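In full-length UniProt numbering, the protein residues as written are 1 to 165.
A virtual CB, placed ideally from N, CA and C, is assigned to each residue, including glycine.
Note that the structure is a prediction, hence the values are computed from the model and not measured.
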Amino acid sequence: MEAGSSSSNAPPPSDPFPPPVRGGAASKFLSNLPSRGLFSSTVSSSNLGGMRVYVCDHETAPPENQVIKTDQMNILIRSLTLKNQKAEASSSKKRPADRTADGKVPAKRAMTGGQSGSRQGGSSSGAANFQGLTVQRLRALLKDRGLSSTGKKDELIERLRNASK
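What follows is the structure, encoded as structure tokens:
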């Protein structure tokens, strides 16, 4: 019976699930495993759960002649203003005003209508500026003078300049 009682305390060798071992035997297998973070290091980090720190191993200084110009406007404000400008441009069907190199909008010019065209067309001086006139107005001036009104804008202007000399 002694053999039977000792065999009942020990698990049979074919048992797939042996009873848990009491004591510190299991803790020796878990002693060096990480308990927090990304499970990549056994050394505890002060940056748990955050972004990884990038340490550059090459020179990052820009070339001496490089000039970097940055926009001081907040990126959110800049994004909203660009979005508003696009919305206004698409809704108004007008093209935006031309901007100069420094970003300022040029001053508005007075709309003179057809009066300046009739004054320029009526003058016979060689200083008349026909470039600002439309092709339709140039053709009307050529018909008034009895000249051919066919061709491109540059040809029409040349005919008017030759006729006014």
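Cα-Cα separation, R137 to D154 = 13 Å
Between P62 and S91, what straight-line distance do the alpha-carbon atoms span, to the nearest angstrom?
-> 43 Å
Distance between K83 and F29 (C-alpha atoms, nearest Å) = 59 Å
S149 to A89, Cα distance in whole Å?
-> 36 Å
Local conformation of A61 per DSSP, three classes = coil
Buried or exposed (CB count within 10 angstroms, at least 16 for buried), R159 = buried
Taking buried to mean at least 16 other C-beta atoms within 10 Å of its own C-beta, is I157 buried or exposed?
-> buried
Does the distance from the CB of F130 to the CB of R161 come in under 8 Å?
-> yes
Taking all protein chains shown into account, decide if L133 is buried (16 or more other Cβ within 10 angstroms of its Cβ) or exposed.
-> buried
Rounded to a whole number of angstroms, what is the C-alpha to C-alpha distance between I77 and D71?
-> 11 Å
Have a look at H58 and M51 and give me their C-alpha separation to the nearest angstrom.
-> 21 Å
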